[in-house]
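Trainee: Counting with the UniProt record's numbering, you get residues 1 to 181 for the letters of the sequence shown.
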Amino acid sequence: MIIKLTKNQSLVLSIFFANPDKTFYLRELGRMLKKEPGVFQKDINNLESEGILKSTFKGKSRFFKLNKNYPLYQEIKGIIKKTIGLEKTIEQYLEKIPDIKKVFIYGSFAQGTADNFSDIDLIIIGNPPESKLDSVLRSLEKQFNREINYTLYRPSEFERKKQSNPFLREILSHKMIDIIK
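Quick look at the structure:
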């Protein structure tokens, strides 16, 4: 069985895989994608027909959720993650900002223990314009429906502190996901 995903289906699935236990209704997805629900409703219905998503009704509202029992769940999750998932999306947004040398995710997302309430923790190394960085990260927060916390280090500061700063040493001793290398 080969599944060809449309751009809208891929975008929708990136939200679901970033929030695997959460249910969403169409208007909520529309706000996150900055699109009218009618633009991607057919795509959602097709994902449900395929079995990737399942839906329930609460009153007149229809809610969608990932079907973790779908036979190709892990494969699709891997494809989304590598192409347009959370990490790739963060990379695409941040690589447009000048003077960012390195970015990595740490914490629950890097450890694979994130849940619906987990925030996204980033270490950013470089000299980017902070107002631009903050603006881009706030936009990503809305897209992922998650808080993004970041710590910004200048390159020389990072090199100096990575040996002496207990917070940084603790982070560096655990699994991290390199976003920009």
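A virtual CB, placed ideally from N, CA and C, is assigned to each residue, including glycine.
Could you pull the start and end residues of the alpha helix (DSSP H) that ASN8 belongs to?
Mentor: In the sequence shown, residue 8 corresponds to position 8, counting from 1. Unbroken alpha helix (DSSP H) run through ASN8: 7-18.
Trainee: Can you tell me the Cβ-Cβ gap for PHE109 and ILE120, rounded? I've got them flagged as a contact below 8 Å.
Mentor: Walking along the sequence shown from the start, residue 109 turns up at place 109. Walking along the sequence shown from the start, residue 120 turns up at place 120. Confirmed, Cβ separation roughly 6 Å.
Trainee: With distances taken from CA atoms, which of GLU130, ASP21, LYS77, PHE167 is nearest ILE97?
Mentor: Stepping through the sequence shown from its first residue, residue 97 is reached at position 97. Of the candidates GLU130, ASP21, LYS77, PHE167, the one whose C-alpha sits nearest the C-alpha of ILE97 is GLU130.
Trainee: Just checking, does the segment 50-66 make contact with the segment 12-25 on the three C-beta pairs under 8 Å criterion?
Mentor: Because the criterion of three Cβ pairs below 8 Å is met, the segment 50-66 and the segment 12-25 touch.
Trainee: Here's the rule I'm using: 16 or more other beta-carbon atoms within 10 Å means buried, otherwise exposed. How should MET1 be labelled?
Mentor: Indexing the sequence shown from 1 puts residue 1 at position 1. Its pLDDT being 49, under 50, MET1 is placed unreliably by the model, and the measurement read from it follows with that caveat. Exposed.
Trainee: Got a sec, what are the start and stop residues for the beta strand (DSSP E) PHE64 sits in?
Mentor: The sequence position of residue 64 within the sequence shown is 64, counting from 1. Element bounds for PHE64: 61-66.
Trainee: When you compare each of GLU159, GLU50, TYR73, LEU122 to MET176 by their alpha carbons, which one comes out closest?
Mentor: Position 176 of the sequence shown, counting from 1, holds the residue named residue 176. It is LEU122 whose Cα lies nearest to the Cα of MET176.
Trainee: Would you mind sorting ASN116 into buried or exposed? The rule is 16 or more other CB atoms within 10 Å of its CB.
Mentor: Working through the sequence shown from its first residue, we reach residue 116 at position 116. ASN116 is exposed by the Cβ-count criterion.
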